[in-house]
Amino acid sequence: MARVVVLGGGFGGVAAATELRDHLRADGEVVLVDRRDRFAMGFAKLWDLAGLRPIAAGTRVLRDLQGRGIRVVQADVTGIDADAHHVETSAGGFDADALVIALGSRPSPRHRRLLDGPGAHDLYDPEALPAIRADLAAITDGRVVVSILGGPFKCPPAPYEAALIVDTLLRDRGVRSDVEVVVTTPQPMALPVAGVDASRYVADHLGDHGVTLRSEHRVEDVDPDRQTIRFAGDHTELGYDLLLGVPADALPQVLADSGLAGASGWLEPDPATLQLGDERTVAVGDCTRIPTATGQLPHAGVFAAAQGRVAARNLLAALTGGDGERFDGHGYCFLELPGERVAFVEGDFYADPPDVTLTPADHAQFRRKQAYERDHLAAWFG
Numbered sequence: 482m483a484r485v486v487v488l489g490g491g492f493g494g495v496a497a498a499t500e501l502r503d504h505l506r507a508d509g510e511v512v513l514v515d516r517r518d519r520f521a522m523g524f525a526k527l528w529d530l531a532g533l534r535p536i537a538a539g540t541r542v543l544r545d546l547q548g549r550g551i552r553v554v555q556a557d558v559t560g561i562d563a564d565a566h567h568v569e570t571s572a573g574g575f576d577a578d579a580l581v582i583a584l585g586s587r588p589s590p591r592h593r594r595l596l597d598g599p600g601a602h603d604l605y606d607p608e609a610l611p612a613i614r615a616d617l618a619a620i621t622d623g624r625v626v627v628s629i630l631g632g633p634f635k636c637p638p639a640p641y642e643a644a645l646i647v648d649t650l651l652r653d654r655g656v657r658s659d660v661e662v663v664v665t666t667p668q669p670m671a672l673p674v675a676g677v678d679a680s681r682y683v684a685d686h687l688g689d690h691g692v693t694l695r696s697e698h699r700v701e702d703v704d705p706d707r708q709t710i711r712f713a714g715d716h717t718e719l720g721y722d723l724l725l726g727v728p729a730d731a732l733p734q735v736l737a738d739s740g741l742a743g744a745s746g747w748l749e750p751d752p753a754t755l756q757l758g759d760e761r762t763v764a765v766g767d768c769t770r771i772p773t774a775t776g777q778l779p780h781a782g783v784f785a786a787a788q789g790r791v792a793a794r795n796l797l798a799a800l801t802g803g804d805g806e807r808f809d810g811h812g813y814c815f816l817e818l819p820g821e822r823v824a825f826v827e828g829d830f831y832a833d834p835p836d837v838t839l840t841p842a843d844h845a846q847f848r849r850k851q852a853y854e855r856d857h858l859a860a861w862f863g
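This is the structure we're talking about:
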């Protein structure tokens, strides 16, 4: 009997666990370990912020995976011995025949500290949503800044989507003419991973809504008393009345302590097979760094889910024989614009340069985004 232990219940972990359970022999065991008890897709946070739908409507309980025959353990992962395929958790140790490492990333602790002051929030923290909504409902003049604090960060389009949501909410309240909306990014353009055309498309839409984009602005510090952001280089400053920060991703401490990280400071699996070290250990999703011609593969759920399926297939081949699969770098992302319209960015992100195309926004693509969530939640959780 083979046992596969999946560490992490995000996109990559759930996709891998369900793929394994569907194809592993009936006497095999799939164990999923996560400190959280729930799963929700990241873009649901912005639907909640915009008032389209509460995040709870798209949230599922991880233990529901037990109805699929997956054992779910809610616990902290405290140690990983990949060579021995052994994991220590707050609920005890697990020996495995194969490991899926899909522990994701955490917000940079330094960047979280920059957002400790009044009027500053972590845009990606679902627990911050009520306070963000309250501050947006109260502001009548001044400046709202959506600031990408560093990279890599999750879901590259999301900060720009959030700025357009802020613009819409302020217009609905009739105060937009008295509130400036600014987006800052350390990157040279809005979406370098998707190329110049997609970046220009984003910048044009921000401009159409009166949102200022400040590229190549790397945040050095935030002064909470003066409510001011200081940028590196010429040390220019930008005041804010409301700051919605996007922290860079950081490797979970247990992975940093595991000795599995490469020179980049991240897990570096084979880009095609997702294998890490040996054929019975794979790593997927936001805990990895996979280089591309423009930097690295985005930290985004669509990519993590696709990697999880491929990685599971390769573990099945290693455990039971047969052919594995290769992750080809193909992926896509949704860029949501006001009015329930979505642009679709799709292509081969492994190509040099990336072979990526953008389909302009329309309501049909918005329905496609809704269908992605609905169909995957149904396939995974029933």
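For what it's worth, the numbering used here labels the leading residue of the sequence shown as 482, then goes sequentially.
Backbone N, C-alpha and C define an ideal beta-carbon position, used for all residues, glycine too.
Taking the alpha carbon of residue 634 as the reference point, which residue from 575, 727, 562 and 608 has its own alpha carbon closest?
727
So which of 495, 808, 724 and 516 has the shortest CA-CA distance to residue 708?
724
Since residue 853 sits in a beta bridge, which residues does DSSP pair it with?
Its beta-bridge partners do not exist; DSSP assigns none.
Here's the rule: buried if 16 or more other CB atoms are within 10 angstroms of the residue's CB, otherwise exposed. What is residue 482?
exposed
Ordered along the chain, which non-local residues of its own chain (more than five positions away) have a Cβ less than 7 Å from that of residue 755?
763, 764, 765, 788, 791, 792, 795 and 808
So residue 786 packs on residue 493, CB below 8 Å; how close in whole Å?
6 Å
Could you tell me whether the Cβ atoms of residue 844 and residue 821 are closer together than 8 Å?
yes
C-alpha distance - residue 758 paired with residue 798, whole-angstrom precision:
16 Å
Tell me, please, which residues DSSP counts as bridged to residue 605.
None, per the DSSP bridge assignment.
Is the region 727–742 touching the region 538–553, taking contact as three or more C-beta pairs under 8 Å?
no
Quick check: the region 557–575 against the region 661–677, are at least 3 beta-carbon pairs closer than 8 Å?
no
So what does DSSP say about residue 721, is it helix, strand or coil?
coil
Write down the C-beta distance between residue 660 and residue 616 rounded to the nearest angstrom, noting that I regard them as a contact closer than 8 Å.
12 Å between Cβ atoms; not a contact.
Nearest-angstrom Cα separation, counted from residue 664 out to residue 698:
10 Å
So, with DSSP's three-state summary, where would you put residue 680?
helix
Jot down the residue ranges of each uninterrupted alpha helix (DSSP H) in the region 622–660, minimum 4 residues, whole runs only, in chain order.
639–654
Along the alpha helix (DSSP H) that carries residue 668, what are the first and last residues, could you check?
It is not in any alpha helix (DSSP H) - residue 668 carries neither H nor E in the DSSP assignment.
The beta strand (DSSP E) with residue 561 in it runs from where to where?
558–562
To the nearest whole angstrom, what separates the beta carbons of residue 703 and residue 601, a pair I think is in contact under 8 Å?
7 Å
What are the boundary residues of the alpha helix (DSSP H) that includes residue 811?
Element bounds for residue 811: not the alpha helix (DSSP H) but the beta strand (DSSP E), 811–818.
Does the region 641–659 come close enough to the region 827–844 to have 3 or more Cβ pairs within less than 8 Å?
no
Sort out for me which residues DSSP pairs residue 588 with in a bridge.
730
Hey, residue 865 and residue 584: beta-carbon distance below 8 Å or not?
Not covered by the structure: residue 865. The range shown for the chain is 482 to 863.
Tell me where the beta strand (DSSP E) around residue 824 begins and ends.
822–829
Using only the alpha-carbon positions, how far apart do residue 565 and residue 576 sit?
8 Å
Can you tell me whether DSSP reads residue 674 as helix, strand or coil?
coil
Close beta carbons around residue 841, own chain, < 7 Å, minus the five adjacent residues each side
824
Unbroken beta strand (DSSP E) runs of length 3 or more, entirely within the region 511–571: which are they?
552–555, 558–562 and 567–570
Please go through the same chain and pick out, in chain order, the residues whose beta-carbon is closer than 8 Å to the beta-carbon of residue 610, but skip the five residues on each side of it.
526, 529, 530 and 536
What residue range does the beta strand (DSSP E) around residue 749 cover?
No beta strand (DSSP E) contains residue 749, which DSSP labels as neither H nor E.
Quick test of your reading: residue 671 and residue 662, contact by CB under 8 Å. State the CB separation rounded to the nearest angstrom.
Not quite, the Cβ-Cβ distance comes to about 15 Å (not below 8 Å), so this is no contact.
Three-state secondary structure (DSSP) of residue 688:
helix
What's the C-alpha gap between residue 749 and residue 658?
47 Å
Quick check on residue 806: does DSSP put it in helix, strand or coil?
coil
Excluding the 5 residues flanking residue 784 on each side, which residues of the same chain have their C-beta closer than 7 Å to its C-beta?
778 and 812
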